[in-house]
Amino acid sequence: HVCEQAIKDSGVDCELIDLQTLVPWDRDTVVNSVKKTGRCVIVHEAPKTSGFGAEMSASIQERCFYHLEAPIQRVTGWDTPFPHTTEWDYLPSPSRIAEAIHKTQEE
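Position 93 of the sequence shown, counted from 1, bears residue number 93 in our numbering, the numbering being contiguous throughout.
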């Protein structure tokens, strides 16, 4: 799993929530985690623009504004068409996810 590898590579103690569905998504579990940790990194394979992570980010921001210690980070696919032969360059990688994790620690 890419996120598990990123957490290991980052060296940061993180909670990983693997949502099984997007509609409905387990908002309560995510909100409780953000309130506990003060941080959030959203990872999904769709493009950043109009991706479901934007909706999640807005919902988390509404419910956790005073608990957030750093801006919510989103690691997504690129906002560009891509050929399937370069799919692995398009998808979120452990290094991009680890970088986002570190950004939440800098704030």
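Each residue gets a CB set at the ideal place from its N, CA and C atoms; glycine is no exception. Since the model is a prediction, treat every value here as computed from it, not as a measurement.
query	result
PRO47, DSSP secondary structure in three states	strand
Pair within 7 Å by beta-carbon distance, LEU91 and GLU45	yes
Spatial neighbours of HIS67 in its chain, beta-carbon cut-off 8 Å, leaving aside the 5 residues before and after	VAL34, LYS35, GLY38
Where VAL31 falls: helix, strand or coil (DSSP)	helix
Contact check, THR104 vs GLN73, beta carbons under 7 Å	yes
For VAL2, the first and last residue of its enclosing alpha helix (DSSP H)	2–10
Terminal residues of the beta strand (DSSP E) in which ARG96 lies	Note, ARG96: premise wrong, no beta strand (DSSP E); alpha helix (DSSP H) at 94–106.
Rounded C-alpha distance that separates PRO71 from GLU106	10 Å
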